[in-house]
Amino acid sequence: MRVGAQPKGTRVVLDLAADLYRRIFYLPEPFRIVIDVSTRPPLRDDKAEAGGKREVRRVAIDPGHGGNDTGAVGPTGLKEKDVTLDVAHRVAPLLARELKIETLLTRDSDVYVPLELRTARANAFHADLFVSIHCNASDNGRARGVQTFSLAAPHDAESTSSSETAARENAARAARTGRDVGDGQDASADDPEARREVAAILSNLNVGDMAARSRHFAELLQRASLASLAPRYPDTKDQGVKGAGFFVLAGADMPAALFETAFISNPEDEARLATADFRQKMADAIVNAIRAYREGK
Ligand SMILES: [Zn+2]
Numbered sequence: 518m519r520v521g522a523q524p525k526g527t528r529v530v531l532d533l534a535a536d537l538y539r540r541i542f543y544l545p546e547p548f549r550i551v552i553d554v555s556t557r558p559p560l561r562d563d564k565a566e567a568g569g570k571r572e573v574r575r576v577a578i579d580p581g582h583g584g585n586d587t588g589a590v591g592p593t594g595l596k597e598k599d600v601t602l603d604v605a606h607r608v609a610p611l612l613a614r615e616l617k618i619e620t621l622l623t624r625d626s627d628v629y630v631p632l633e634l635r636t637a638r639a640n641a642f643h644a645d646l647f648v649s650i651h652c653n654a655s656d657n658g659r660a661r662g663v664q665t666f667s668l669a670a671p672h673d674a675e676s677t678s679s680s681e682t683a684a685r686e687n688a689a690r691a692a693r694t695g696r697d698v699g700d701g702q703d704a705s706a707d708d709p710e711a712r713r714e715v716a717a718i719l720s721n722l723n724v725g726d727m728a729a730r731s732r733h734f735a736e737l738l739q740r741a742s743l744a745s746l747a748p749r750y751p752d753t754k755d756q757g758v759k760g761a762g763f764f765v766l767a768g769a770d771m772p773a774a775l776f777e778t779a780f781i782s783n784p785e786d787e788a789r790l791a792t793a794d795f796r797q798k799m800a801d802a803i804v805n806a807i808r809a810y811r812e813g814k
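The numbering of the sequence shown is the numbering used here, which starts it at 518 and goes up by one.
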């Protein structure tokens, strides 16, 4: 590695012994430039295997929020951060036992973990899938049901409501950096700096392929959750699959989806989220979606 002073800055050169795959991007807070060098392509062709199966050996499970960041809080005080961690703790042993899949939890206790560190951990783990678990919330207390998001570039966000969700799920990061993100504002859309950050990360990925796989996995997850809930909770509302500019998904090196289990802001949904039965069904849904994805469905 060589470092040389230039008239307009400093040049850093990495001399590599072979023509390796590399990916260069930056992460904020603290600002750093990350150079990944690898002997294998960053995106393997997972459809090349026999029988149309996809290779899924490791999965990163990301329980949303934690520590001082409680996430959304329900009418009776149920905290999103506690629900998401419990669902994650139900998913991990199931994946190990039923699918022989290794799991990384981006947090394993009630601690605050910055969003970009969550995907960095998943990338270092070489996860084949990334599942972020959350609870939905709305100013409209009547909103209910299950919803799944996959990453889209900020200008591709599909609706105002997905921008609102992105703003809420990105809010901890915005608060920490002193940015003003109020209700109904998309952190990325209204903040040129955040938009540049997300764009810089996206530009380093094979965006089309990654977005398509993420979207496909998000659809499997949405379908699996409705199937898991239907027998016991037949009134579950299908809020559909949407794209949004989630910072937590932007740095992921693998297909990623953000799963909104139910609306914690709604009294009936909150009551369900408080039960072990509902949480177990959410965990079952995640495991079933991963199984379906691996089987090439
Ligand atoms: Zn959340």
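Beta carbons are placed, not taken as given, at the ideal position from N, Cα and C, and that holds for glycine.
In the three-state scheme derived from DSSP, where H, G and I count as helix and E and B as strand, Asn-805 is classed as helix. Per the C-alpha coordinates, the member of Arg-740, Ala-769, Leu-622, Glu-812 positioned closest to Glu-777 is Arg-740. For secondary structure counted as the beta strand (DSSP E) over 3 or more consecutive residues, the stretch 722 to 804 holds these complete runs in sequence order: 755 to 761, 773 to 780. As the crow flies, the alpha-carbon of Gly-588 is around 21 Å from that of Ala-637. Tyr-629 sits close to Asn-585, with the two beta carbons spaced by under 8 Å. Collapsing the DSSP output to three states places Asp-599 in a helix. Residue side-chain check: Glu-686 places its Cβ nearer than 7 Å to a non-hydrogen atom of ligand 1. In the structure shown, His-643 falls within a coil segment according to DSSP collapsed to helix, strand and coil. Shown here for Glu-736: same chain residues with a beta carbon closer than 6 Å to its own, the five before and five after excluded, namely Val-758 in chain order.
The straight-line gap separating the alpha-carbon atoms of Thr-593 and Leu-611 is approximately 30 Å. Rounded to the nearest angstrom, the gap between the Cα atoms of Gln-523 and Asp-553 is 24 Å. The distance from the Cβ of Ala-639 to that of Met-518 is about 26 Å, inconsistent with a contact at the 8 Å cut-off. Apart from sequence neighbours up to five positions away, the residues of its chain that approach Gly-591 with a beta-carbon distance below 6 Å are Ile-781, Glu-787, ordered along the chain. Cβ neighbours of Ala-744 within its own chain (closer than 8 Å, five residues either side excluded): Ala-802, Asn-805.
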